[in-house]
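J.:
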Amino acid sequence: MVEAINRLEPGGFSRYQDYLESAQNNLDFGLSAFIKESPQWEYFPAFCRNLNLNARFWPLASHHRQLEGLFDSKKLQAALSFQDLYVGLTPYEAPAVFSLLQAIELNQGVFYPLGGFAQVSRELLRLVEANGVCCLFDSSVAEILVESASTGLRTRGVRLQNHHVIPADLVVSNVDLPYTNKYLFSRLHAQSKDHDTRGFSSSVISFLWAFDRPLPSLRHHTTFLAAREEEVEAEGGRKEGGRSGAKEGIDPAKAAWEAVFKDKRFDGRFLNFYVHAPARTDTSVCPPGHDAVMVLVPCPVLGKEGGGQEEEEEEARMIADAREAVLARFESVMGMEDVRDGLIHERVIGPREWREKYSLSRGAVFGLKHDLGQLSVLRPGRKHVGGGKGLGEGGKEEGREGGGAIEGMYYCGASSRPGNGVPLVMVGAKLLSDMILQECFPE
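In full-length UniProt numbering, the protein residues as written are 1 to 443.
#1: From which residue to which residue does the alpha helix (DSSP H) around residue 208 run?
#2: Who does residue 411 pair with in a DSSP beta bridge?
#3: Using 8 angstroms for Cβ pairs, my map puts residue 188 next to residue 143. What's the rounded Cβ distance?
#4: Can you have a look at residue 399 and say buried or exposed, based on whether 16 or more other CB atoms are within 10 angstroms of its CB?
#5: So residue 71 and residue 84 are in contact, right, with Cβ under 8 angstroms, and what is the actual spacing, rounded?
#6: Please state if the CB of residue 427 and the CB of residue 104 are separated by a distance shorter than 7 angstroms.
#7: Leaving out five residues before and five after residue 135 in sequence, what residues of the same chain have Cβ atoms less than 8 angstroms from its Cβ?
#8: If you run the structure through DSSP and keep just helix, strand and coil, what is residue 301?
#9: State buried or exposed for residue 171, treating a residue as buried only when at least 16 other CB atoms are found within 10 Å of its CB.
#10: With DSSP as the reference, label residue 430 as helix, strand or coil.
#11: What do you reckon, are the CB atoms on residue 114 and residue 282 nearer than 7 angstroms?
#12: Between residue 367 and residue 420, is the Cβ-Cβ spacing less than 7 angstroms?
#13: Excluding the 5 residues preceding and the 5 following residue 74 in the sequence, name in chain order all residues of the same chain whose CB lies nearer than 7 angstroms to its CB.
#14: Comparing C-alpha positions only, which one of 337, 432, 176 sits nearest to residue 192?
#15: Can you list the beta strand (DSSP E) stretches of 3 or more residues lying completely in the stretch 293–368, in chain order?
#16: When the distance is taken between beta carbons, is residue 371 closer than 7 angstroms to residue 199?
#17: If contacts are defined as beta-carbon pairs under 8 angstroms, then residue 95 and residue 67 qualify, I think. What distance do you get, rounded to the angstrom?
#18: Measure how close the beta-carbons of residue 412 and residue 425 come, nearest whole angstrom, since I'm counting them as under 8 angstroms.
#19: For residue 165 versus residue 218, is the C-beta spacing smaller than 7 angstroms?
#20: Straight-line CA distance for residue 441 to residue 408?
#21: The alpha helix (DSSP H) spanning residue 123 covers which residue range?
#22: Measure from the alpha carbon of residue 211 to the alpha carbon of each residue in 288, 315, 155, then state which is nearest.
#23: Go through its chain and collect everything with a Cβ distance to residue 445's Cβ below 7 angstroms, but skip five positions before and after it.
#24: For the stretch 310–326 against the stretch 262–270, do three or more pairs of beta-carbon atoms, one drawn from each stretch, fall closer than 8 angstroms, so that the two count as touching?
#25: Could you check which residue in 307, 3, 87, 201 has the C-alpha nearest to that of residue 260?
#26: Which word fits residue 301, buried or exposed, when buried means at least 16 other C-beta atoms lie within 10 angstroms of its C-beta?
#27: Can you tell me where the beta strand (DSSP E) holding residue 112 begins and where it ends?
#28: Could you pull the start and end residues of the beta strand (DSSP E) that residue 166 belongs to?
#29: What separation, rounded to the nearest whole angstrom, lies between the Cα atoms of residue 155 and residue 415?
#30: Which of the three DSSP states, helix, strand or coil, is assigned to residue 446?
#31: For the candidate residues 2, 20, 405, 42, whose alpha-carbon lies nearest to that of residue 29?
#32: Pull up the distance between the alpha-carbon of residue 145 and that of residue 159, whole angstroms please.
#33: Using a 10 Å radius around the Cβ and a threshold of 16 neighbouring Cβ atoms, would you call residue 299 buried or exposed?
#34: Taking buried to mean at least 16 other C-beta atoms within 10 Å of its own C-beta, is residue 450 buried or exposed?
#35: Relative to the alpha-carbon of residue 138, which residue among 121, 117, 45, 162 has its alpha-carbon at the smallest distance?
#36: Are the C-beta atoms of residue 375 and some chain D residue less than 7 angstroms apart?
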């Protein structure tokens with residue numbers, strides 16, 4: 001690590017250590033206070049140190065600005081901020097407190113479940129069934145049923161797609177919260193606010209590739225970044241930096257982020273993407289002498305009103321551009337010059353499938369973004385609060401009230417508090433179960 005960082009930025013490793021120390025301080029206090037909602041005050045003094053040092057590590061400053069003040073290398077800045085994608089933000093808008101993601105990855109490390117991530121789901125299923133939980137499969141919910149009671153509105157169960165009704169005093173939806181509120185209630189109680197007006201993260205194009213040969217140039221985790229130390233011309237050529245009359249330059253790192261989050265127009269010339277090659281750790285994922293690779297390419301979310309030929313054509317263009325850009329980048333890596341020849345199978349998941357198969361609003365795979373207006377207590381909570389308008393024909397909000405809070409209606413998942421990512425969702429599920437037990441069985 002010392003050699004790699006100093007190669008990008010001579011003498012940069014000491015500043016990297018300072019940065020990682022501040023990131024760990026953000027993690028130690030931030031995890032307990034803002035995620036687990038149970039502050040561990042012994043970490044508070046170290047967290048407060050981030051508020052000093054001439055505001056160098058001020059946690060609410062722009063993450064990019066913080067890194068720019070520490071490192072000259074654009075590549076190093078990009079490498080230490082790519083994870084902002086996971087909270088649905090660019091490094092230019094993400095608060096520097098999200099450096100805590102670096103502390104998790106670089107100090108604690110990333111753990112991989114042997115047999116693939118589905119092993120986690122299988123183990124959870126085994127545990128709940130062992131405790132008497134009945135799990136129904138291929139049983140999509142068409143509507144969450146609501147009734148008027150003497151105390152107001154309350155849940156009375158769910159109706160499945162096959163019209164079977166399951167009575168229930170409590171309903172917990174781990175379907176994406178904005179989708180739940182807009183599509184899983186009757187028009188009288190549905191709300192479009194979370195779906196139509198809140199800020200969303202990005203979508204992704206996932207390429208699942210099988211190769212008839214190993215790709216030793218790839219590690220288990222590899223991130224390819226658009227960042228370069230020099231700007232480029234708008235047409236893609238080199239900018240003649242500093243010369244009179246030089247063309248306006250483009251920062252490829254910034255262009256890659258803005259194409260996804262600001263311009264909402266995918267640009268294959270400027271691309272950040274992540275590659276997962278689990279066979280380095282888990283030989284069960286592919287036959288000997290072969291390789292299995294997942295490529296995750298960030299892309300813009302879909303529009304509010306989904307569907308139509310234009311949306312389908314735009315997705316097809318994005319997938320084609322992303323595929324070509326990724327393979328071309330692979331070919332530039334030593335030992336991967338003939339990578340196309342070894343590709344024997346492909347499965348692609350785009351924004352429309354994320355929306356339609358997994359009920360992710362607008363195909364946003366990380367749910368609602370974590371900007372300051374949707375962070376911590378400002379993020380949608382775990383209980384239904386009401387206050388929206390009911391939906392009329394065509395899904396438009398009407399002037400009449402859609403009703404107040406629905407008693408017995410709860411949420412967990414990426415778009416509810418505390419936020420997205422498997423660890424946070426699991427923490428949120430634990431906090432929710434504690435809340436329900438306390439409210440229903442106070443003794």
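Cβ coordinates follow ideal geometry from the N, Cα and C atoms, glycine included. Model, not experiment: these values are computed from the prediction.
T.: Reading it off the structure:
#1: Taking the sequence shown and counting its residues from 1, one reaches residue 208 at position 208. Judged by DSSP secondary structure, residue 208 falls outside any alpha helix (DSSP H) and instead within the beta strand (DSSP E) spanning 203–211.
#2: In the sequence shown, residue 411 corresponds to position 411, counting from 1. According to the DSSP secondary-structure assignment, residue 411 is paired through a beta bridge with 173.
#3: Working through the sequence shown from its first residue, we reach residue 188 at position 188. Working through the sequence shown from its first residue, we reach residue 143 at position 143. Not really, about 11 angstroms apart at Cβ, beyond 8 angstroms.
#4: Start at 1 with the first residue of the sequence shown, and residue 399 comes out as number 399. For residue 399, the predicted structure reports a pLDDT of 39, less than 50, and the residue's modelled location is therefore unreliable. A value from the coordinates is still provided. Here residue 399 is exposed, its C-beta having fewer than 16 other C-beta atoms within 10 Å.
#5: As a working note, residue 71 is residue 71 in the sequence shown. As a working note, residue 84 is residue 84 in the sequence shown. Between residue 71 and residue 84 the beta-carbon gap is near 16 angstroms, outside 8 angstroms, which marks them as no contact.
#6: Counting from 1 along the sequence shown, the entry for residue 104 is found at position 104. Counting from 1 along the sequence shown, the entry for residue 427 is found at position 427. Cβ distance not < 7 angstroms, so residue 104 and residue 427 don't count as in contact.
#7: Numbered from 1 along the sequence shown, position 135 holds the residue referred to as residue 135. So the list reads 125, 128, 129, once near-sequence residues are dropped.
#8: The residue labelled residue 301 in the question sits at position 301 within the sequence shown. In this structure, residue 301 counts as coil in the three-state DSSP scheme.
#9: For the purposes of this step, residue 171 is taken as residue 171 along the sequence shown, with counting starting at 1. Buried.
#10: Position 430 of the sequence shown, counted from the first residue, corresponds to residue 430. It is helical.
#11: Position 114 of the sequence shown, counted from the first residue, corresponds to residue 114. Position 282 of the sequence shown, counted from the first residue, corresponds to residue 282. Cβ distance < 7 angstroms, so residue 114 and residue 282 count as in contact.
#12: Against the sequence shown, residue 367 aligns to sequence position 367. Against the sequence shown, residue 420 aligns to sequence position 420. Yes; because the gap between Cβ atoms is below 7 angstroms, this pair is in contact.
#13: Taking the sequence shown and counting its residues from 1, the one referred to as residue 74 is at position 74. So the list reads 227, 228, 229, 253, once near-sequence residues are dropped.
#14: The sequence position of residue 192 within the sequence shown is 192, counting from 1. For residue 192, the closest C-alpha among the options 337, 432, 176 is that of 176.
#15: Look at the stretch 293–368 and you find these whole runs of beta strand (DSSP E), each 3 residues long or longer: 343–349.
#16: Taking the sequence shown and counting its residues from 1, the one referred to as residue 199 is at position 199. Taking the sequence shown and counting its residues from 1, the one referred to as residue 371 is at position 371. Yes, the pair counts as a contact, with Cβ atoms nearer than the cut-off.
#17: As a working mapping, residue 95 is identified with position 95 in the sequence shown. As a working mapping, residue 67 is identified with position 67 in the sequence shown. Residue 95 to residue 67, Cβ: 13 angstroms. No contact.
#18: Against the sequence shown, residue 412 aligns to sequence position 412. Against the sequence shown, residue 425 aligns to sequence position 425. Contact annotation, residue 412 with residue 425: C-beta distance approximately 7 angstroms; criterion of less than 8 angstroms satisfied.
#19: Translated into the one-based positions of the sequence shown, residue 165 becomes position 165. Translated into the one-based positions of the sequence shown, residue 218 becomes position 218. At the C-beta level, residue 165 and residue 218 stay beyond 7 angstroms of one another.
#20: Numbered from its first residue, the sequence shown carries residue 441 at position 441. Numbered from its first residue, the sequence shown carries residue 408 at position 408. Each residue's alpha carbon lies about 14 angstroms from the other.
#21: Translated into positions along the sequence shown, residue 123 becomes position 123. Residue range 118–130 is occupied by the alpha helix (DSSP H) that includes residue 123.
#22: Residue 211 sits at position 211 when you count from the first residue of the sequence shown. It is 288.
#23: Nothing about residue 445 can be read from this structure; the chain reaches only from 1 to 443.
#24: Counting Cβ pairs under 8 angstroms, three or more are found: they touch.
#25: Numbered from its first residue, the sequence shown carries residue 260 at position 260. Of the listed residues, the one whose Cα sits closest to residue 260 is 201.
#26: Taking the sequence shown and counting its residues from 1, one reaches residue 301 at position 301. Residue 301 comes out buried.
#27: Sequence index remark: in the sequence shown, residue 112 carries index 112 (1-based). Unbroken run through residue 112: none, as it is neither H nor E.
#28: For the purposes of this step, residue 166 is taken as the residue at position 166 of the sequence shown. Start and end: 165–167.
#29: The residue you call residue 155 lines up with position 155 of the sequence shown. The residue you call residue 415 lines up with position 415 of the sequence shown. Cα-Cα distance, rounded: 21 angstroms.
#30: It is not possible to answer for residue 446, since the shown part of the chain is limited to 1 through 443.
#31: One-based indexing of the sequence shown puts residue 29 at position 29. Ranked by Cα distance from residue 29, the first of 2, 20, 405, 42 is 42.
#32: On the sequence shown, residue 145 is found 145 positions in, with the first residue counted as 1. On the sequence shown, residue 159 is found 159 positions in, with the first residue counted as 1. Going from the Cα of residue 145 to the Cα of residue 159 covers about 7 angstroms.
#33: Here residue 299 is taken as the residue at index 299 of the sequence shown, counted from 1. Buried is the label assigned to residue 299, since at least 16 other Cβ atoms lie within 10 Å of its Cβ.
#34: Because the chain spans 1 through 443 in this model, residue 450 falls outside it and cannot be assessed.
#35: Here residue 138 corresponds to residue number 138 of the sequence shown, with the count starting at 1. Nearest option by C-alpha distance: 162.
#36: Note that chain D does not occur in the displayed structure, where there is just one protein chain.
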